[in-house]
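Q: Attaching a single structure in structure tokens format; questions to follow.
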Amino acid sequence: MVFFGLFSKNKKIEVIEPLPTSVNTPIHNSLPQKKFYLISASGMPNYGDDMLTRGWINHIKRAYPNAIIYLDAVDPIVASTLYDDVECVNYLWQLAQALGENGSIEDKFSDDYLLPIRERLMSKTFEDVESIHLMGGGYINELWAANLRLIELVSYFGKKNDVLTYATGLGLQPLSEEKAAHISKFIESYFCFDVRDYASYQVLEKFLPGKISFIGDDYFCFPFSDVVSLIEREKPVLRLCLHNELSEGDDNERLFMEQVETAIDAFIQKFPGSLIRFYEFRPGSDGYFFKKLKQKFPLIEMVFFETIWKHGLQFSTKDYFLSTRFHFQLIVSSVGLSGTSFYWSEYYKNKFDSLKYVTDWSFLKLGEEHLELTSFFENHGPFFLIDFERVNREKKMLANRLYVSPDLSVLSEDPQPQEGNS
């Protein structure tokens, strides 16, 4: 079985080398300057959403080195510190929240003489962009109902300015049939509307047969080496990426902490002197469990968001992983490694279900399933499921389809495939 060459035959040691925040590609003056408009849940920050955003920015810059890129972010001030040479705004995010569930976009822009300056600037920006792209993530659904308006706003400005509109790698659950029918009216005008999970695809497909694409997460659109690398270590590391978002009560938290602490105790006994690292994907949130665990296990080290953003992630085939985060699991899986994920809500169940065909992880529902230490400490890598290669190939094809450069030589290519097992 052939899979993508993610592993170097050369030995690596654990050194920290900064990853570029943008692609340094010589500017080809023969290419016309183009403008692109991107929307994502960037700037909170949340490493998963910001990682995907950086991936799309770099992909566009490879195709159009002198492009002007607008990024509509949750917090444009924070986002502007994460990306080079990008115009960060929050036009559509702020408009979506202002409109809420019932406000009318048509009424808002019906009279040019009554438009505030912000709306005038927004309208002017959309007049000469090549495309408007709603980027992947799980931030558009009925848990945050106002965010669903982003789908309508992209459609509105796309049609108004005769601009191509894209959506890629969206996870839209929870989404009722009533809401699906409503947003389908706007999705109909999109050039591309791609979702990352079957449940999102299923609820929309009945209203838009043949319109919806279902491939997978946008992480597959870009070179994995931009985010993660394998190194060699003498001892394993226990790597944790845990949070309590959307948890359902103190009982779940207690059950969760008991299982994590049991795993840490077993790891310390089995591998004395080995490191335990806790990865902060969302500052201000992930520190909650870290502080609790640090009180009992002082040896745990926090790897802060800023460090991950600058240096990327480095793992070895000897490592063990516990996670509650979707993108941490996917990143680990992209170098052929596996671990165990916990979930406690239907929102996260659907997210992890979407990874079952591309990652070799165990999934445990709190209150019903328990961590089995014997299987947890088995060596799980490197190993790839069969569908992993298909999703990887199809998502990269989609990315190149949306942003095709006249100078194809500047588009990135995957490493040459190597022989391996799947």
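So the sequence shown is numbered by full-length UniProt numbering: it starts at 1 and just counts up by one. Quick reminder that beta carbons are idealized off the backbone N, C-alpha and C, glycines included. Values in this document were obtained by computation on a predicted structure and should not be read as measured data.
For histidine 133, which of helix, strand or coil comes out of DSSP?
A: In the structure shown, histidine 133 sits in a strand (DSSP, three-state: E or B).
Q: Check each candidate in Phe281, Glu142 and Asn252 and name the one with the smallest Cα separation from glutamate 177.
A: Glu142
Q: Counting only the same chain and skipping the five closest in sequence on each side, list residues whose C-beta sits under 8 angstroms from that of histidine 59.
A: In its chain, beyond the 5 residues on either side, Cys221, Phe222, Ala399, Tyr403 and Ser412 have a beta carbon closer than 8 angstroms to the beta carbon of histidine 59.
Q: Taking DSSP as the reference, what is the three-state secondary structure of arginine 239?
A: strand
Q: Roughly how far, in whole angstroms, is the beta-carbon of leucine 204 from the beta-carbon of alanine 180, given that I think they are within contact range, below 8 angstroms?
A: The pair is a contact, with the Cβ atoms about 6 angstroms apart (cut-off 8 angstroms).
Q: Name the DSSP beta bridge partners of serine 341, please?
A: Ser323 and Phe363
Q: Decide if glutamine 269 is buried, meaning its Cβ has at least 16 other Cβ atoms within 10 Å, or exposed.
A: exposed
Q: Quick check: the Cα distance between glutamate 301 and asparagine 66, rounded to an integer number of angstroms?
A: 41 angstroms
Q: Going along the chain, which unbroken runs of the alpha helix (DSSP H) with 4 or more residues stay wholly within the region 74-137?
A: 76-80, 91-99, 105-108 and 117-126
Q: Hey, would you say arginine 239 sits closer than 8 angstroms to phenylalanine 321, going by beta carbons?
A: yes
Q: Return helix, strand or coil for glycine 156, following the three-state DSSP convention.
A: Note that residue 156 corresponds to tyrosine in the displayed sequence, not to glycine. Three-state result, tyrosine 156: helix.
Q: Can you tell me the Cα-Cα spacing of residue 423 and aspartate 251, whole angstroms?
A: Residue 423 cannot be examined here, being either before or after the span of the chain that is shown, 1 to 422.
Q: DSSP on aspartate 50, reduced to helix/strand/coil?
A: helix
Q: Starting from the C-beta of proline 283, find all residues in its chain whose C-beta is less than 6 angstroms away, skip the five residues before and the five after it, and write them out in chain order.
A: Phe305
Q: Beta-carbon within less than 6 angstroms of phenylalanine 126's beta-carbon, same chain only, minus the 5 sequence neighbours each way: which residues are those?
A: Phe157 and Asn161
Q: Assuming valine 391 and glycine 216 form a contact by the criterion Cβ under 8 angstroms, report the distance between their Cβ atoms to the nearest whole angstrom.
A: 4 angstroms
Q: Report yes or no: is there a C-beta of chain C within less than 8 angstroms of the C-beta of serine 189?
A: Given the protein chain composition of this structure (a single chain), no chain C is represented.
Q: Could you check what DSSP says for threonine 317 in three-state terms: helix, strand or coil?
A: coil
Q: Check whether the Cβ atoms of glycine 138 and lysine 351 lie closer than 8 angstroms to each other.
A: yes
Q: Going by C-alpha distance, which of Ser345, Ser323, Pro116 and Lys396 is nearest tryptophan 361?
A: Ser323
Q: Quick one: measure Cβ to Cβ for alanine 41 and valine 74, integer angstroms, because I've assumed they're closer than 8 angstroms.
A: 6 angstroms
Q: Please confirm whether cysteine 241 and tyrosine 288 have their CB atoms less than 8 angstroms apart.
A: no
Q: Which of helix, strand or coil does DSSP assign to serine 22?
A: Its pLDDT being 47, under 50, serine 22 is placed unreliably by the model, and nothing is read from it.
Q: Under DSSP, the beta strand (DSSP E) around aspartate 265 begins and ends at which residues?
A: Run containing aspartate 265: none in the beta strand (DSSP E); it sits in the alpha helix (DSSP H), 250-270.
Q: Taking the alpha helix (DSSP H) that aspartate 387 belongs to, which residues open and close that run?
A: Where aspartate 387 is concerned, the enclosing alpha helix (DSSP H) stretches over 386-402.
Q: Expressed to the nearest angstrom, what Euclidean distance is found between the alpha-carbon atoms of methionine 44 and leucine 114?
A: 32 angstroms
Q: Give me the DSSP bridge partner(s) of aspartate 72.
A: Answer is Ile39 and Val89.
Q: With a threshold of 16 other CB atoms inside 10 Å of the CB of threonine 374, please say whether the residue is buried or exposed.
A: Threonine 374 is classed as exposed because its beta carbon has fewer than 16 other beta carbons within 10 Å across all chains shown.
Q: Given a cut-off of 8 angstroms, decide if serine 184 and phenylalanine 214 are closer than it, judged by their beta-carbon atoms.
A: no
Q: From Leu275, Tyr91 and Lys35, pick the residue whose C-alpha is nearest to that of lysine 61; which is it?
A: The option with the nearest alpha carbon to lysine 61 is Lys35.
Q: Let me confirm a value: alanine 145 is counted as buried when at least 16 other C-beta atoms fall within 10 Å, else exposed. Which label applies?
A: exposed
Q: So, do the region 251-261 and the region 328-348 have three or more beta carbon pairs nearer to each other than 8 angstroms?
A: As far as the Cβ criterion goes, the region 251-261 touches the region 328-348, which means the pair count is three or higher.
Q: By how many angstroms is the C-alpha of leucine 299 removed from the C-alpha of serine 274?
A: 9 angstroms
Q: Helix, strand or coil for arginine 282? Go by DSSP, reduced to three states.
A: coil
Q: Assuming alanine 79 contacts leucine 71 under a Cβ cut-off of 8 angstroms, what Cβ separation, rounded to an integer in Å, is found between them?
A: 6 angstroms
Q: Nearest by alpha-carbon distance to aspartate 226: which of Pro174, Ser334, Gln202 and Asn244 is it?
A: Ser334
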